[in-house]
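Numbering of the sequence shown is given in our numbering, commencing with residue 26 and proceeding in unit increments. From the three backbone atoms N, C-alpha and C, an ideal C-beta is built for every residue, glycine too. A short worksheet on the structure shown next.
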Amino acid sequence: MYTINNLPYLDLSSHVDLQGLELIEKDIIFGIVKSRGFISEGCANTKNCYDQAIPSLLMTQWKDYLQDPSNPNYQYYKELQFVVRDCLMFNRYVGKYQQMGQVLYLRNTVDNGRHGIWSKSYSDGCSDRPGYANFPALREWINNCKIFDEIGRILFFFNAPGEPHSIHKDTFTGHPDHFILINLNTDRKTVFVLDNDGTRHTLDSKVSVFDVRNYHGSEGKDFYSWTLRIDGIYNKEWAESIGIWDHFKPIGP
Ligand SMILES: [Fe+2]
């Protein structure tokens, strides 16, 4: 597996303003409720398919796969105009396979941006989505956090009680994404990264990062839960101060 400084994940909770984040936790939840109309199906290049030969693909590769007329669900995909998110939702209920639960984008990638598949890392590769207006305190925390030179994609992942999310890689090649993952309630949701032999390394911290070239997933526990992922370009001084710049340095085409 890709380790960072020989660790399966890094605990960043002492390298960010965790106290400031915890102070606005209820404001964040309030924002989620106000944005409930923008919550959508999550999707990812899945590995957890139990009864169909569905490959693990990057989101950009799914489009070609769906447009293959020999695909047994081709007619439905066609009627769905090959919109990847919709077609994967169709698959979810046709086959026995897991997706990513529900997501809420505060910022997401723009189409045909100049950064291609790296758009989620760049400010001008993403744009604010309507829900972000409901998170003024969180926006301030993010803009003041000093972790990133650029803020790219921002999204929540929601798990219902007991709900597992598909085990997947975010990328199969290239460099690891610069991001932080916030899980203020690790007692509500397990997020894990898999070792080469399948061993789970649970992210037992409130703010972490791992290498997304490894398989990873999550599992809801007894109650509803959320995690928040913020992508961007790390500030070099910040990344150097905790010894991770060399690992994450290469970014872009
Ligand atoms: Fe992921």
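Going by DSSP, E47 is part of the alpha helix (DSSP H) stretching over L43 to L48. Straight through space, the alpha carbons of F107 and K88 are spaced by roughly 7 Å.
Looking at the DSSP output, E265 shares a beta bridge with no other residue. A contact between stretches requires three or more CB pairs, one per stretch, nearer than 8 Å, and the stretch 172–179 meets this requirement with the stretch 245–258. Each residue's CA atom was taken as its position, placing T224 and F197 some 19 Å apart.
DSSP places C112 within a helical segment (H, G or I) once states are collapsed to three. Of the candidates F63, L35, H272 and G62, the residue whose Cα lies closest to the Cα of G199 is H272.
Residue range F173 to N184 is occupied by the beta strand (DSSP E) that includes F181.
Rounded to whole angstroms, the gap between the alpha carbons of F115 and L82 is 16 Å. For ligand 1, a non-hydrogen atom lies closer than 7 Å to the CB of D195. Its Cα nearest to that of P186, the residue Y249 stands out among Q100, Y102 and Y249.
About 11 Å separates the beta carbon of S146 from that of G138, a gap too long to meet the 8 Å contact definition.
With a cutoff of 8 Å on beta-carbon distance, R154 and Y122 are scored as not near each other.
Distances between the C-beta of H241 and the heavy atoms of ligand 1 include at least one below 7 Å. Runs of the beta strand (DSSP E) lying entirely within the stretch 90–136, each at least 3 residues long, are 127–134 in chain order.
Y101 and V109 have their alpha carbons spaced roughly 12 Å apart. When distances are taken from the beta-carbon of V216 to the heavy atoms of ligand 1, even the shortest one reaches 7 Å or more. The Cβ atoms of C151 and N133 lie closer than 8 Å to each other. W270: member of the alpha helix (DSSP H) spanning W270 to F273, first to last residue. A contact is defined here as three or more CB-CB pairs under 8 Å, and the stretch 31–46 meets this definition with respect to the stretch 226–244. In the structure shown, P189 falls within a strand segment according to DSSP collapsed to helix, strand and coil.
Ranking I172, E104 and G156 by CA distance to the CA of S60 puts G156 first. K194 is positioned such that its CB atom lies closer than 8 Å to that of R238.
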